[in-house]
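Residue numbers (our numbering): 1 to 260. For each residue, glycine too, the CB sits at the ideal point set by N, CA and C.
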Amino acid sequence: MDVDRVVLQGRSRSGPQGSGRAALALAQTSEVPVDRVAGERRRRRPTKSGGVLSEDAIVECAVRLIGHHGHEALTVRRLGAALGCDPTAIYRYFRGTDDLLLAIADFLIGETLVGYRPGPDWSASLRDLGLRVRDGYLRHPRVAAVAASRVTRRHNEFRAVEIGVSLLLSAGFPPADAVRYYQAFIDTVLAHAALEASFAALAPEVRAADDRSWAETYNSLPEGDYPGISIVRRHLPEGMSGSAFEDVLDMLLESLARRV
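Here you go:
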């Protein structure tokens, strides 16, 4: 196998089912069995540098490498060098690079759930969850870009889905509606979180230029050609350069509350 040519790449999902419903959902218990790679691949092994190789160590190193260089630059050889191990040792823990990518996506979900406890108010609990997801993606914007659309099939995702659907069931929604509205919630959260993470991953000067355009470029547009923009132009710099995430999240939760 030419490990130099093995690159971590996300697989996009097409169609209405694939917008990222997976990447998240919540869990209030850790009792769900973990999807583990059994036996030989799960053993902790010493590396050439004296560290201990494990699934967690590989995932955490991969997250750091993606954060610094982007997922396109993460090869198995580079990961092995960073870990101080033979690159092929990674295949004792993961079936392939896509398996590793799923573990990375699950790592993000796990970070989101640290310290999270749903309260008695289902809507407030979902809101808290949504904010945590957004914050987690902004901590790892380059990782978020390849993780949002994946179904990890792992422990943290199981926990997340369990929490999300349980909150909606506790609100009084029947099972089919709980699933439907959970999808609406998580897809909305993930879409906005991924959008903001994408922007955060841009170079600072690019972000600054985009933000300035609302005050500079839009302010100079001719009123005759753009009458609507002319009416609102003084509100554009503040209104368009910030985040609409919380407004959208609140509108969604208010809409769900009216449907109970």
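Out of the options, state which residue places its alpha-carbon closest to the alpha-carbon of residue i.
{"i": "V232", "options": "I163, A193 and W214", "result": "W214"}
{"i": "E246", "options": "F173, D128, A184 and V179", "result": "D128"}
{"i": "S130", "options": "A160, V146 and R150", "result": "In the sequence as presented, Ser is not what sits at residue 130; that position holds Gly. Checked all of A160, V146 and R150; the closest Cα to G130 is A160."}
{"i": "I104", "options": "V63, D187, V52 and P237", "result": "V63"}
{"i": "E55", "options": "R77, R95, S241 and E72", "result": "R95"}
{"i": "R134", "options": "H71, F185 and E216", "result": "F185"}
{"i": "A145", "options": "P174, Y226, R180 and H192", "result": "H192"}
{"i": "A57", "options": "H68, C85 and A194", "result": "C85"}
{"i": "V76", "options": "L53, A89, Q183 and E216", "result": "A89"}
{"i": "E216", "options": "E205, R234, G228 and V206", "result": "R234"}
{"i": "H71", "options": "L53, D98, D250 and R212", "result": "D98"}
{"i": "R153", "options": "R258, L221, L100 and L190", "result": "L100"}
{"i": "S241", "options": "R212, D250, V248 and R258", "result": "R212"}
{"i": "F173", "options": "H68, D210, R259 and L53", "result": "R259"}
{"i": "V151", "options": "A203, A178 and Q183", "result": "Q183"}
Is it buried or exposed for residue i, if we count other Cβ within 10 angstroms and need 16 for buried?
{"i": "A244", "result": "exposed"}
{"i": "S149", "result": "buried"}
{"i": "R42", "result": "Here R42 scores only 49 on pLDDT, less than 50, and its place in the model is too uncertain to base an answer on."}
{"i": "L102", "result": "buried"}
{"i": "Y226", "result": "exposed"}
{"i": "R180", "result": "exposed"}
{"i": "G338", "result": "Residue 338 falls outside the range modelled here, since the chain spans only 1 to 260, and no answer is possible."}
{"i": "V165", "result": "buried"}
Cutting at 7 Å between CB atoms, please list the residues of its own chain near residue i, excluding the five before and the five after it.
{"i": "L167", "result": "P118, W122, S125 and L126"}
{"i": "C61", "result": "L79, A82 and L83"}
{"i": "E223", "result": "S230"}
{"i": "L138", "result": "E196, A197 and A200"}
{"i": "A147", "result": "A23, I104, A105 and L108"}
{"i": "G18", "result": "Unreliable positioning characterises G18 in this predicted model, as indicated by a pLDDT of 40, which lies under 50. The coordinate reading is nonetheless provided below. Correct list, in chain order: S149."}
If you follow the alpha helix (DSSP H) that residue i is part of, which residue opens it and which one closes it?
{"i": "V179", "result": "P175 to A200"}
{"i": "T112", "result": "T97 to L113"}
{"i": "E205", "result": "P204 to S213"}
{"i": "A89", "result": "From DSSP, A89 is part of no alpha helix (DSSP H); its letter is neither H nor E."}
{"i": "V151", "result": "Segment: none, V151 is in no alpha helix (DSSP H) and carries neither H nor E."}
{"i": "L253", "result": "F245 to R259"}
{"i": "R77", "result": "V76 to L83"}
{"i": "E223", "result": "Taken as a continuous stretch (DSSP letters only), E223 belongs to no alpha helix (DSSP H), as it is neither H nor E."}
Take residue i and list the residues in its own chain whose beta-carbon comes closer than 6 Å to its own, dropping the five residues that flank it on each side.
{"i": "T188", "result": "L252"}
{"i": "G110", "result": "N156"}
{"i": "P141", "result": "A197, A200 and A201"}
{"i": "L236", "result": "W214 and Y218"}
{"i": "T112", "result": "R132, V133 and G136"}
Going by DSSP, what residues sit across from residue i in a beta bridge?
{"i": "T217", "result": "For T217, which the question treats as bridged, DSSP gives no partner whatsoever."}
{"i": "L129", "result": "In the DSSP output, where bridge partners are listed per residue, L129 has none listed."}
Under the criterion of a Cβ to heavy atom distance below 7 Å, does residue i qualify as lining the ligand HEM?
{"i": "Y226", "result": "Looking for the ligand HEM in the displayed structure turns up nothing, as the structure carries no ligands at all."}
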